[in-house]
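The structure under discussion appears below in the form of structure tokens.
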Amino acid sequence: MILQLLLALALMPLFDGICRSLRAKIQSRQGPPIWQTYYDLLKLLRRKRTAPNSAHFVFKWTPYLLVAIGAFLVMLTAARCEVVSDLIVIVYLLVAFRVILNLAAFDSLNPFAAIGANRENMLALYAEPIMICGVIVVCAMFGDTNLVKIHQAVINGEIGAKASFVVAGIVFLWAVYIEMSRKPFDIAEAEQEVQEGVVAEFSGRDLALIDIGAMLKQFAVICLFVKIFIPFGFNNLLLDCIFTIILVELATTLAVLIDNFGPRYAMLSTLKLNASWMLGLGILSVILFAAGV
48 MILQLLLALA
58 LMPLFDGICR
68 SLRAKIQSRQ
78 GPPIWQTYYD
88 LLKLLRRKRT
98 APNSAHFVFK
108 WTPYLLVAIG
118 AFLVMLTAAR
128 CEVVSDLIVI
138 VYLLVAFRVI
148 LNLAAFDSLN
158 PFAAIGANRE
168 NMLALYAEPI
178 MICGVIVVCA
188 MFGDTNLVKI
198 HQAVINGEIG
208 AKASFVVAGI
218 VFLWAVYIEM
228 SRKPFDIAEA
238 EQEVQEGVVA
248 EFSGRDLALI
258 DIGAMLKQFA
268 VICLFVKIFI
278 PFGFNNLLLD
288 CIFTIILVEL
298 ATTLAVLIDN
308 FGPRYAMLST
318 LKLNASWMLG
328 LGILSVILFA
338 AGV
């Protein structure tokens, strides 16, 4: 668990830098070096904290809470400790991450931040029920919420290619894509855009900590999909960590390709269309499981 956390902290900025460089190459731009995210985080960490006069303890403690939640998510999705690796706990932590960030945005009393927080709440309204449908199918299928036991059963091929399990994986993957903040669900780098409004009042060290927490969360949700729906793995701890890191990098690269080669639609209409289909698939996976398919 500690090893996976250290690898995530060390490599996620590199993966983000690779994605930024790849995006620039696709768009015929020179782009930043792959180490740019490290430079940005170090620059922000050296700066002092700032906070609006209206901010309370919620705003001031949010960066540290988000890093802590991200760290716990990465360790829990390592799928090594049966005592704490519970899917219900992981889902609640994913929800808590968004709730705390949105509360901090409202606490700043910045109307622009409130708009960004409302946008994040709308994303949660569409994405989280769909993710929960996939979790329900998986937990009911294995008769347990323990991620370690589920991961081991998937590796051993105890389920096989059941239709309900495959559909649940498709639904869960769509929710993971939203959590990765890719187009049209992205948090744009330009601070003047609405997507970035939720962190409009954060700067310096606080903004760096929020970025680190977001990277850890992204790493965790990809790991969660890998542990539940990828029927491959290693009993050796080091090999399992390396295998997970490779899959995380492949997933982030694939997301960038989908992001850049796909058109940008209005987010609300996209959510209504895609989320309706995905929610229908989520319900279908539950029905298929109830039918024993």
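To convert, take the position in the sequence shown, counting from 1, and add 47; that gives our numbering.
Using N, Cα and C, we set each Cβ at its ideal position, and we do this for glycine too.
Under DSSP, residue 100 shares a beta bridge with no residue. Comparing alpha carbon positions, the residue from 328, 147, 182 closest to residue 271 is 182.
The three-state secondary structure of residue 203, taken from DSSP, is coil.
Excluding sequence positions up to five before and after residue 177, its CB lies within less than 6 Å of the CB of 218, 222, 325, 326, 329, all in the same chain and listed in chain order. By the criterion of a C-beta distance shorter than 6 Å, residue 65 is surrounded in its chain by 81, once the five residues flanking it on both sides are discounted. Leaving aside the five residues that flank residue 288 on each side, the residues in its chain whose CB is nearer than 7 Å to its CB run, in chain order, 50, 51, 54.
Within its own chain, the residues whose Cβ lies closer than 7 Å to the Cβ of residue 83, once the five positions on either side in sequence are excluded, are 64, 67, listed in chain order. Annotation for residue 169: the continuous alpha helix (DSSP H) segment containing it runs 158 to 189. For residue 282, the three-state secondary structure derived from DSSP is coil.
Nearest C-alpha to residue 106 among 166, 245, 185, 184: 245. In summary, residue 224 is buried, with 16 or more beta-carbon neighbours lying within 10 Å of its beta-carbon over all protein chains present.
Using a 10 angstroms sphere on the CB of residue 59, the tally of other CB atoms reaches 16 or more, which defines it as buried. Rounded to the nearest whole angstrom, the CA to CA distance from residue 116 to residue 75 is 37 Å. The continuous alpha helix (DSSP H) containing residue 149 extends over residues 134 to 154.
Contact check for residue 109 against residue 160 fails: the beta carbons are separated by 7 Å or more. By the neighbour-count criterion, in which a residue is buried when 16 or more other Cβ atoms sit within 10 angstroms of its Cβ, residue 338 is exposed.
Nearest in C-alpha terms to residue 125, of all of 335, 290, 261, is 290. Following the DSSP letters along the chain, one finds residue 262 inside the alpha helix (DSSP H) bounded by residues 251 to 276.
Under DSSP, the beta-bridge partners assigned to residue 193 are 133.
Rounded to the nearest angstrom, the Cβ distance from residue 123 to residue 142 is 14 Å, too far for a contact under 8 Å.
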